[in-house]
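A.B. asks:
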Amino acid sequence: MQLSRNSKVSFAAFVVFDLLLAYWLITLFQARDEVETINALNALGAIEYPDPYRLTPFQLSDQDGDPFLVEDFAGQWSLVFFGFTSCPDVCPITMSELAQAHRAITELPDLPDPQVVFVSVDPERDSRQAVKRYVEQFNTDFIGLSGSEAGIGALAKQLFVAFSKVDQADMAPGETGHESHIPDGGVTADGYMINHNIHVSLVNPEAELVALIRPPVRRESLVQAYSLLIND
Numbered sequence: 333m334q335l336s337r338n339s340k341v342s343f344a345a346f347v348v349f350d351l352l353l354a355y356w357l358i359t360l361f362q363a364r365d366e367v368e369t370i371n372a373l374n375a376l377g378a379i380e381y382p383d384p385y386r387l388t389p390f391q392l393s394d395q396d397g398d399p400f401l402v403e404d405f406a407g408q409w410s411l412v413f414f415g416f417t418s419c420p421d422v423c424p425i426t427m428s429e430l431a432q433a434h435r436a437i438t439e440l441p442d443l444p445d446p447q448v449v450f451v452s453v454d455p456e457r458d459s460r461q462a463v464k465r466y467v468e469q470f471n472t473d474f475i476g477l478s479g480s481e482a483g484i485g486a487l488a489k490q491l492f493v494a495f496s497k498v499d500q501a502d503m504a505p506g507e508t509g510h511e512s513h514i515p516d517g518g519v520t521a522d523g524y525m526i527n528h529n530i531h532v533s534l535v536n537p538e539a540e541l542v543a544l545i546r547p548p549v550r551r552e553s554l555v556q557a558y559s560l561l562i563n564d
C-alpha cells in the first residue's frame with residue numbers, strides 16, 4: 333500500500349515530533365539528575381567544576397627527592413591537601429581522615445584507588461625528610477611534596493590555596509583559621525605560623541582540577557563525594 337503525499341508529510345511530522353519529544357525527555361531527566369548530583373555533593377561539602385581546570389607545569393620534589401611534575405597527576409585520580417608538619421590540629425586531623433577514606437576506598441571494588449598528595453606550605457621548616465616522616469605516619473603510600481615557596485605557589489594557586497607566613501606577635505585571636513595552632517604557652521619556638529586554606533582538591537587522570545571538598549573533611553563524606561565525582 334502506498335501512502336499519499338499528505339500522509340507521508342503527516343508521518344514525517346509525527347516522526348520529527350516523536351524525536352523532539354524523546355530528546356526533550358532525555359534532556360529533562362539529565363538536567364534533573366545533574367541537579368540531584370549537585371545537591372548531593374553540596375550536602376557532602378563538595379564543589380564540582382562544570383569545566384575541569386587543566387593544571388599547568390610546576391616543579392616540586394617528593395619525600396624521596398624525586399621530581400614531582402604536573403605529569404605525575406596523569407593516569408590516576410588524586411586527592412591533594414596543603415598543610416605543614418608542625419601543625420598540631422587541623423592538618424593532622426585532615427590527614428587522618430584522608431588515611432581512613434583512602435583505606436575505605438581501596439576496599440570498594442568499583443572505585444579506583446586515588447593517590448593522596450600532601451603539599452607542605454612551610455618550606456623554611458619542612459625539609460624533605462620531615463615531610464617523609466610526616467606522611468608515613470598516616471600511610472606509607474601517601475606522597476609528600478616540598479619545594480621552594482615559588483614552586484609550592486605555582487601549584488597552590490591553581491588549586492585555589494592561599495598560604496602566608498604570619499608572625500605570631502602580630503596575630504589577634506580569630507584572625508586566622510589556624511589560631512588554635514598557637515600553643516597555650518603563647519608562641520612557637522620559631523615565632524611564626526602558616527595561614528592557609530584547608531580544603532582537599534580532586535584532580536582527575538587528565539591532570540585537571542575537578543572539585544574541591546570543603547572543610548571539615550570527614551571520611552564518610554569524602555568517600556561518598558569521591559564516588560559521585562568520579563562517576564559523574
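Quick note, the numbering used here runs 332 ahead of the 1-based positions in the sequence shown.
We put the CB at the ideal spot given by N, CA and C, even for glycine.
Owing to the predicted nature of the structure, the values given are computational and were not obtained by experimental measurement.
(1) How would you call Ala-557, buried or exposed, if buried means at least 16 neighbouring beta carbons within 10 angstroms?
(2) What distance in whole Å lies between the Cβ atoms of Val-535 and Leu-541, which are believed to be in contact at a cut-off of 8 Å?
(3) Could you compute how far the alpha carbon of Glu-439 sits from the alpha carbon of Ile-425?
(4) Given that a residue counts as buried once 16 or more other Cβ atoms are within 10 Å of its Cβ, and exposed if not, what is Leu-392?
(5) Ignoring anything shorter than 3 residues, give me the beta strand (DSSP E) runs that lie fully in the stretch 368-431, in order along the chain.
(6) What does a CB cutoff of less than 6 Å around Gly-415 pick up in its chain, not counting 5 residues either side in sequence?
(7) I'd like to check one pair, Val-412 with Ser-533: are the Cβ atoms closer than 7 Å?
(8) So if DSSP puts Ala-543 in a beta bridge, which residue, or which two residues, is it bridged to?
(9) My guess is that Leu-560 and Ala-372 are in contact by the Cβ rule of under 8 Å, so how many angstroms apart are they, rounded?
(10) Would you mind reading off the limits of the alpha helix (DSSP H) that contains Val-467?
(11) Is there a Cβ of chain C sitting closer than 7 Å to that of Ser-553, yes or no?
(12) Can you name the start and end residues of the beta strand (DSSP E) that Ser-496 belongs to?
(13) Check whether the Cβ atoms of Gln-447 and Ser-410 sit closer than 7 Å, and answer yes or no.
(14) Tell me whether Leu-491 is buried or exposed, calling it buried when 16 or more other Cβ atoms sit within 10 Å of its Cβ.
(15) Could you tell me if Asp-458 is buried or exposed, where buried requires 16 or more neighbouring beta carbons within 10 angstroms of its beta carbon?
(16) Note the first and the last residue of the continuous alpha helix (DSSP H) segment covering Ser-315.
(17) Between the C-alpha atoms of Val-498 and Ile-526, what's the straight-line distance to the nearest angstrom?
(18) Residues in its own chain within less than 6 Å of Asp-454 by CB, not counting five upstream and five downstream?
C.D. replies: The answer reads as follows:
(1) buried
(2) 6 Å
(3) 22 Å
(4) buried
(5) 378-386, 391-393, 399-401 and 410-415
(6) Cys-423
(7) yes
(8) Glu-380 and Leu-534
(9) 6 Å
(10) 460-468
(11) Of the protein chains in the structure, only one exists, and it is not chain C.
(12) 495-499
(13) yes
(14) buried
(15) buried
(16) This structure leaves residue 315 out entirely; the chain is present only between 333 and 564.
(17) 6 Å
(18) Phe-416 and Ile-526
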